[in-house]
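One structure below.
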Amino acid sequence: MGAVVTGLSLPAEEISLFRQARVESLLTHIEGDIRDMAVVEAAVAQADPEVVFHLAAQPLVRLSYDTPVETFATNVQGTVHVLDACRRAPNLKAIVAITSDKAYENREWVWPYRESDPMGGHDPYSASKGAAELVIAAYRRSFFSAPGAPLLASVRAGNVIGGGDWALDRLVPDIIRALIAGERPLIRSPHSIRPWQHVLEALGGYLLIAQVLAAGEAWAAEGWNFGPADDDTQPVSWIADRITGHWGNTGWDQPEQVSGPHEAKILKLDCAKARNYLGWRPAWGLGEALNRIVEWHRGVAEGGDAQAISLTQLAAYRALFQQG
């Protein structure tokens, strides 16, 4: 796309998309922890950015029960560090801060959440993302609202899925690991409902809002949902059936006893605002997203180049997204 990109992150894990797809060869990579203000300040100064995307997070609900202090430090104080460093970036035009669909106070109801709904969170992860939204709102009003100041938006995607995600305790990576090992996946909560979407759908929304902000459109400096179509909000069992079917109809099992901390059972996003004001809508349905995930992992498992497969899928998505 022609952008000069600098990234700040923790060291990549051995098995990760970053390493498999040789992402470091495509950008300037800085290793560091956003909990360290000096590291963030130095990275922002080095990059001298025009647009900042803040995606760094501790992203797992169940892990947040084991590491609540680290989760809040990363997701809340880390957000403070990024936004505060942005105050001293002389050429900055736009900031897109990514939080989560789980930032909303979940009432376990069938209605999708709109941007005007209150923030909240039962577990440390969800609460940390709700708190990050309050931080973002405070920085927007206090430091990024004067004429000529950078414009700041927060964005909330659904449950993003895609090839190359190896995170522990996530549905699709857990299924893929089992299938590669020749095992039947174990599905913990088959009836839980989530707004599933391919990661490229979310990234397309983030890039779109960044473009609008960078053009100086102050009305867009708000919170935005970028989620799937209503009929792509499906139960876990639906996802498991289709991935295992694409892989070879192995089927899946449910543990006899399921224990663990609280997790929301139903979650949906209302994306009418992005659709009506930005003209954004998903380009790939959930079925196509799952096809692409299986294509990616099968290709890599059979010796294909992860970077080439990723770029091919990205090109296919961009062509369809630009048509829409």
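Taking my numbering, the leading residue of the sequence shown gets 42, the next gets one more, and so forth. Using N, Cα and C, we set each Cβ at its ideal position, and we do this for glycine too.
Whole-number beta carbon distance between residue j and residue i, since they are thought to touch under 8 Å
i, j, result
"tyrosine 154", "lysine 309", "7 Å"
"isoleucine 284", "leucine 331", "6 Å"
"proline 323", "glutamate 242", "5 Å"
"leucine 327", "glutamine 275", "7 Å"
"leucine 58", "glycine 205", "3 Å"
Residue i and residue j closer than 9 Å at C-beta
i, j, result
"valine 102", "leucine 133", "no"
"serine 401", "lysine 306", "Within the shown structure, residues of the chain are numbered from 42 to 365, placing residue 401 beyond reach of any answer."
"glutamate 72", "leucine 51", "yes"
"glycine 264", "arginine 211", "no"
"valine 137", "tyrosine 180", "no"
"tryptophan 288", "glycine 203", "no"
"isoleucine 177", "leucine 124", "yes"
"proline 368", "alanine 135", "Here the chain has residues from 42 to 365 only, and residue 368 is not among them."
"asparagine 266", "glutamate 156", "yes"
"arginine 60", "glutamine 118", "no"
"serine 66", "isoleucine 139", "no"
Beta-carbon proximity list for residue i, same chain, < 7 Å, skipping 5 on both sides
i, result
"arginine 128", "Phe184"
"threonine 112", "Gln99, Ser105, Pro165, Tyr166 and Ser169"
"glycine 268", "Asp142, Ala198, Gly199, Pro236, Gln238, Leu310 and Cys312"
"valine 80", "Gly73 and Asp74"
"isoleucine 56", "Trp207"
"arginine 316", "Arg322"
"methionine 78", "His122"
"tyrosine 358", "Leu241, Ala324 and Trp325"
"alanine 126", "Val81, Glu82 and Val85"
"methionine 160", "Ala144, Tyr145, Glu146, Gly171, Glu174 and Leu175"
"histidine 70", "Gly48"
Nearest candidate by alpha-carbon position, reference residue i, set the options
i, options, result
"tryptophan 1", "His287, Asp282 and Asn332", "Residue 1 is absent from the model: the chain starts at 42 and stops at 365."
"threonine 47", "Val85, Ile75, Ala79 and Phe59", "Val85"
"leucine 193", "Glu258, Asn200 and Leu227", "Glu258"
"valine 277", "Pro214, Ser195, Gly43 and Asp158", "Pro214"
"glycine 245", "Glu82, Leu319 and Ser186", "Leu319"
"glutamine 354", "Val151, Arg60 and Val335", "Val335"
"alanine 44", "Pro90, Asn266, Thr115 and Gly326", "Pro90"
"alanine 173", "Ile221, Ile228, Thr115 and Ala126", "Thr115"
"tryptophan 150", "Trp325, Gly340, Thr108 and Ser233", "Ser233"
"alanine 261", "Ile250, Ala270 and Ala83", "Ile250"
"tryptophan 279", "His70, Ile216 and Tyr145", "Ile216"
"alanine 130", "Gly286, Gly189 and Leu220", "Gly189"
"threonine 291", "Ile350, Ile221 and Met160", "Ile221"
"glutamate 304", "Ala53, Glu146, Arg76 and Glu54", "Glu146"
"glutamate 54", "Ile350, Ala360, Gly345 and Leu209", "Leu209"
"serine 351", "Glu297, Glu343 and Arg333", "Arg333"
"aspartate 273", "Phe362, Arg148, Arg182 and Val201", "Val201"
"proline 302", "Met42, Leu361, Asp107 and His70", "Asp107"
Contacting residues, own chain, Cβ-Cβ under 8 Å from residue i (five flanking each side not counted)
i, result
"glutamate 329", "His239"
"aspartate 271", "Pro153 and Lys309"
Neighbourhood of residue i by C-beta, 6 Å cutoff - its chain only, sequence neighbours within 5 removed
i, result
"glycine 162", "Ala168 and Gly171"
"glutamine 348", "Ala62 and Arg63"
"leucine 68", "Val46 and Gly48"
"valine 341", "Ala347"
"proline 296", "Leu227"
"alanine 219", "Pro226"
"proline 109", "Pro165"
Cβ of residue i within 9 Å of any chain D Cβ
i, result
"serine 278", "The displayed structure is made up of one protein chain only, and chain D is not part of it."
| Fully enclosed by the region 110–195, which beta strand (DSSP E) runs are 3 residues long or longer? | 135–139
| request: Let me know the beta strand (DSSP E) ranges lying completely inside the region 228–313, each 3 residues or longer, listed in chain order. | output: 234–239, 264–267 and 274–276
| task | Output the residue ranges of the beta strand (DSSP E) runs that lie fully inside the region 194–227 and measure 3 residues or longer, sorted by chain position. | result | 200–202
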